[in-house]
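Participant:
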Amino acid sequence: MDSLNDRFERGQEMRSLMAQGDPSHYTLPGIDQLAPDLKRIINEALFGQIWARPGLDPKHRCMVTISALTAEGQLPLLRRHIERGLNLGLTPAQVVEVFVQLTFYVGVPAVEAAMRTTKDIFEERGLDFTPTEVYDTSMSADDLYEIGKKSFQQNIGESTYPIEDSDSIEGELGRLIDEYLWGAIYTRPDLDPQSRAICALSAMTVLGQYDRQLRRRIEGALRVGVTPQQIMELFVHLVLYGGYINSRTAIRVARSVFIEQGLSA
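In our numbering, the protein residues as written are 4 to 268.
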């Protein structure tokens, strides 16, 4: 068992790696002045223990964190973690695509605010960014719907709760989601299916989605190649970003899915 000082030093090393020489990444405004004990706890537990765990690579940990902070609307911390993501190897296109991926999960206002922050960071860093424009507006709505249904099957599987009346409000909403979330967004480049699943699971977890939607998203993540270990590590990573109650509940849901599928984590 390592000592608390070992954890602290490991946390400082992790923060140095993230900061890439930017001293602002070592500060916790307010906490520094009012609760130095808490700063030490955060350094040890979050950066020395959780971020240093081997179950997720640093880029995916950045995606998890960015997704969670976007869902929560935590713009000051989001700015810091976008910068850290770029420092740890995320491309500008990947950062932007995380927000595109989250649109139907967290809503347009949260994504718009995150995009404004990201645009400012790119300009401050002098990054030459060319937006990815692949949405084919020449296709018909029926074509987009069929693409969406195929994408849903690839990323989640067969629908377990089909909507019988396609003309109902629920049916119209289901079609809209199939067209645009699954047909227009999930089929985009710049993020692979595993990363899209990780971003979606992260947002859903911190928003407290414990119903069959979370269960189905876990099943979908497994379907596209996210391992049980990565899924569990994602929930561990979110303990100090979304609260341990959300993480422990999600872990229990995931465990039941693994048992049903004969998997171990």
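Beta carbons: idealized from backbone N, C-alpha and C, even for Gly. Nothing here was measured: the structure is a model prediction, and the numbers come from that model.
Quick one: Cα of Met-66 to Cα of Ala-96, how far?
Facilitator: Position 63 of the sequence shown holds residue 66. Position 93 of the sequence shown holds residue 96. So the alpha carbons of these two residues sit roughly 12 Å apart.
Participant: Would you tell me roughly how many angstroms separate the C-alpha atoms of Arg-83 and Thr-120, rounded to the nearest one?
Facilitator: Locating residue 83 in the sequence shown gives position 80, counting from the first residue. Locating residue 120 in the sequence shown gives position 117, counting from the first residue. Each residue's alpha carbon lies about 10 Å from the other.
Participant: Could you spell out where the alpha helix (DSSP H) holding Arg-188 opens and where it closes?
Facilitator: Here the question's residue 188 lines up with position 185 in the sequence shown. Checking the displayed sequence, the identity of residue 188 turns out to be Ile instead of Arg. Premise fails: Ile-188 is in no alpha helix (DSSP H) and is neither H nor E.
Participant: Could you tell me the boundaries of the alpha helix (DSSP H) in which Leu-217 lies?
Facilitator: As a working note, residue 217 is residue 214 in the sequence shown. Segment 215 to 226, the alpha helix (DSSP H) holding Leu-217.
Participant: Can you tell which of Thr-252, Ile-44 and Asp-25 has its C-alpha closest to the C-alpha of Gly-14?
Facilitator: Position 11 of the sequence shown, counted from the first residue, corresponds to residue 14. Measuring from the Cα of Gly-14, the nearest candidate turns out to be Ile-44.
Participant: With the cut-off set at 8 Å, would you say Ala-48 and Tyr-244 are in Cβ contact?
Facilitator: Counting from one through the sequence shown, the residue named residue 48 turns up at place 45. Counting from one through the sequence shown, the residue named residue 244 turns up at place 241. Not closer than 8 Å, so no.
Participant: Identify the continuous alpha helix (DSSP H) that holds Phe-125 and give its terminal residues.
Facilitator: The residue you call residue 125 lines up with position 122 of the sequence shown. From DSSP, the alpha helix (DSSP H) with Phe-125 extends over 111 to 128.
Participant: Touch check for the segment 214 to 223 and the segment 168 to 182: three-plus C-beta pairs under 8 Å?
Facilitator: No, they do not touch.
Participant: Under 6 Å Cβ to Cβ from Ala-257, same chain only, skipping five residues before and after it: list those, please.
Facilitator: In the sequence shown, the residue the question calls residue 257 occupies position 254. These residues qualify, in order along the chain: Ile-221 and Ile-234.
Participant: Taking the continuous alpha helix (DSSP H) assigned at Tyr-148, which residues delimit it?
Facilitator: As a first step, residue 148 must be located in the sequence shown, where it is residue number 145. Its alpha helix (DSSP H) spans residues 144 to 158.
Participant: If contact is defined by three or more beta carbon pairs under 8 Å, each pair taking one atom from either stretch, is the segment 98 to 113 in contact with the segment 27 to 34?
Facilitator: No, because fewer than three Cβ pairs between the segment 27 to 34 and the segment 98 to 113 fall closer than 8 Å, the two stretches do not touch.
Participant: Do Met-21 and Asn-90 have their C-beta atoms closer together than 8 Å?
Facilitator: The residue you call residue 21 lines up with position 18 of the sequence shown. The residue you call residue 90 lines up with position 87 of the sequence shown. Yes. Within cutoff.
Participant: Rank Val-111, Arg-128 and Phe-50 by C-alpha distance to the C-alpha of Glu-86 and give the top, closest one.
Facilitator: As a position in the sequence shown, residue 86 is number 83, starting the count at 1. It is Arg-128 whose Cα lies nearest to the Cα of Glu-86.
Participant: For Leu-7, which residues in the same chain have their Cβ closer than 8 Å to its Cβ, ignoring the five residues on either side in sequence?
Facilitator: On the sequence shown, position 4 is the one that residue 7 refers to. Here the set comprises Glu-47.
Participant: With distances taken from CA atoms, which of Phe-50, Gln-52 and Leu-80 is nearest Pro-32?
Facilitator: Along the sequence shown, read from residue 1 onward, the residue named residue 32 stands at position 29. The shortest C-alpha separation from Pro-32 is found at Leu-80.
Participant: Does DSSP put Leu-105 in a helix, in a strand, or in coil?
Facilitator: In the sequence shown, the residue the question calls residue 105 occupies position 102. Note: Leu-105 maps to helix in three-state DSSP.
Participant: Among Gly-151, Asp-145 and Glu-136, which residue has its Cα nearest to the Cα of Pro-192?
Facilitator: The residue given as residue 192 occupies position 189 in the sequence shown. When each option's Cα is compared against that of Pro-192, the closest is Glu-136.
Participant: Enumerate in chain order the residues of its own chain whose CB-to-CB distance from Leu-41 is below 6 Å, with the five nearest sequence positions on each side excluded.
Facilitator: One-based indexing of the sequence shown puts residue 41 at position 38. Result list for Leu-41: Ile-34, in chain order.
Participant: Let's test the definition: count the other Cβ atoms within 10 Å of the Cβ of Ala-38 and tell me whether it reaches 16, buried, or not, exposed.
Facilitator: Counting from 1 along the sequence shown, the entry for residue 38 is found at position 35. Ala-38 comes out exposed.
Participant: Kindly list the residues whose CB is nearer than 7 Å to the CB of Ala-55, restricted to its own chain and excluding five residues on each side of it in sequence; keep chain order.
Facilitator: For the purposes of this step, residue 55 is taken as residue 52 along the sequence shown, with counting starting at 1. If we look at Ala-55 and ignore the five residues flanking it on each side, its Cβ neighbours are Arg-13 and Met-17.
Participant: Is it buried or exposed for Val-109, if we count other Cβ within 10 angstroms and need 16 for buried?
Facilitator: On the sequence shown, residue 109 is found 106 positions in, with the first residue counted as 1. Buried is the call here.
Participant: Here's the rule: buried if 16 or more other CB atoms are within 10 angstroms of the residue's CB, otherwise exposed. What is Gln-264?
Facilitator: For this step, residue 264 is matched to residue 261 along the sequence shown. Exposed is the call here.
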